[in-house]
């Protein structure tokens, strides 16, 4: 055998060895927990959390094993973004109960079922909002508060009922100095009878989540006029995140509160005067918890633009079968430059004519609308946002 031929053979052997090694690594990289074979993506997401959990990783594995495949997906999301304090301490029972009652609430109303999965995962499933004590509140709150929203027709209506009614049921009210600490858990606030704006917000968020209403913790370290900090709640109304003050019910609906004017003067580029919304999913931004600035495991989005008017246009999407025809209900996604930027469900002709899917998009930008009409039928259309406020865009499946 010539030298060059020998060299070629060795090269092929080396390539074959690399391919085999990769195959073995991939197969060993798949997590099999009980009767569940997790996807490679899920398995990869759990490697680091399981490592940080130490001995408690067995509790996490046990929780996944005890859940259905659908619900295990939700728990994998929680574990993937879970702070180390919880990875090391939370029990299987705690996690399973939290997941099961979150999915139970999701199944009990049309408005809870309509919440997109990514919002359900990030703003309903989590058992905590910030750094509060980890109480076992979900089953209890579901039993207490689900009867209140039994007749609610929308996410907003459910949130409004809760903010109006729960406080007299649990006998908690605001007090700046009588509350034991700012970052109280739900039961710490109930035991004390008093809470700060932070404690009240945590309570309302948990009440909302217990019945399937997406909600998140929002606040600013310092108002632009330097009057102090403040915390409040945002509720997903099916189209947008709307603010409300905890224990400050407004008959005018979501998006109305005494702090609206102060929030409009927030400064996005100044960390002290910006407005942040907490996120379970890890982001590049930490929520500035002014009572403990050393905490770095609460993540956030800078949502200042939503309060100062520097937001994208509200665009209302309608889907028709043909010009002059019937409205069509479909799950739609809006994509820009290869990334999904918005999603929701269009309304059909059984809904009020003024009830339309509203999305926040940027003017002058090119987008692609993707609609799932039936299980195996999809439809796409390119469009541009002209820049008009509350712009309505109609699409026709026949085109």
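Numbering (the working numbering), first residue to last: 1 to 399. Backbone N, C-alpha and C fix where the C-beta goes; we use that ideal spot for every residue, glycine too.
- Counting along the chain, the unbroken alpha helix (DSSP H) around residue 47 starts and ends at 40-53.
- With contacts defined as CB atoms closer than 9 angstroms, residue 317 and residue 365 fail to qualify as a contacting pair.
- The Cβ-Cβ distance between residue 109 and residue 159 does not fall below 9 angstroms.
- DSSP places residue 262 inside the alpha helix (DSSP H), whose first and last residues are 260-263.
- In this model, residue 291 and residue 182 are separated by some 7 angstroms (Cα to Cα).
- The continuous beta strand (DSSP E) containing residue 217 extends over residues 215-220.
- With fewer than three CB-CB distances shorter than 8 angstroms, the region 185-192 does not count as touching the region 266-282.
- Between residue 95 and residue 63, the C-beta gap is smaller than 9 angstroms, which places the two residues in contact.
- Taking C-beta atoms as the reference points, residue 71 and residue 32 fail to come closer than 9 angstroms.
- DSSP, read as helix, strand or coil, puts residue 335 in strand.
- Straight through space, the alpha carbons of residue 57 and residue 84 are spaced by roughly 11 angstroms.
- C-alpha of residue 127 to C-alpha of residue 134: approximately 7 angstroms in a straight line.
- Listed in chain order, the alpha helix (DSSP H) elements of length 4 or more contained wholly in the region 57-85 are 57-66, 69-80.
- Residue 396 sits close to residue 321, with the two beta carbons spaced by under 9 angstroms.
- Around the beta-carbon of residue 156, 16 or more other beta-carbon atoms lie within 10 Å, marking it buried.
- Listed as beta-bridge partners of residue 314 by DSSP are 360.
- Pairing residue 223 with residue 277 gives a Cβ-Cβ distance that is not under 9 angstroms.
- Distance from the CA of residue 314 to the CA of residue 297, rounded to the nearest whole angstrom, comes to 33 angstroms.
- Looking only at 302, 283, 256, 252, the smallest Cα-Cα distance to residue 271 is reached by 302.
- In this structure, the straight-line span from the alpha carbon of residue 196 to that of residue 363 is close to 39 angstroms.
- The Cβ atoms of residue 35 and residue 129 lie no closer than 9 angstroms to each other.
- In the DSSP assignment, no residue is bridged to residue 160.
- Between the region 279-288 and the region 325-333 there are fewer than three inter-stretch CB-CB distances shorter than 8 angstroms, so the stretches are not counted as touching.
- Around the C-beta of residue 47, fewer than 16 other C-beta atoms lie within 10 Å, and the residue is accordingly described as exposed.
- Under the three-state reduction of DSSP, residue 275 is assigned to coil, being neither helix nor strand.
- Per DSSP, the beta-bridge partners of residue 302 are 276.
- Counting other Cβ atoms within 10 Å of its Cβ, residue 221 reaches 16 or more and is therefore classed as buried.
- Rounded to whole angstroms, the gap between the alpha carbons of residue 369 and residue 383 is 7 angstroms.
- Scanning its chain for C-beta atoms nearer than 7 angstroms, with the 5 sequence neighbours on each side dropped, one finds around residue 121 the residues 74, 77, in chain order.
- Exclusion of the five residues before and after residue 394 leaves 318, 320 as the residues of its chain whose Cβ lies within less than 7 angstroms of its Cβ.
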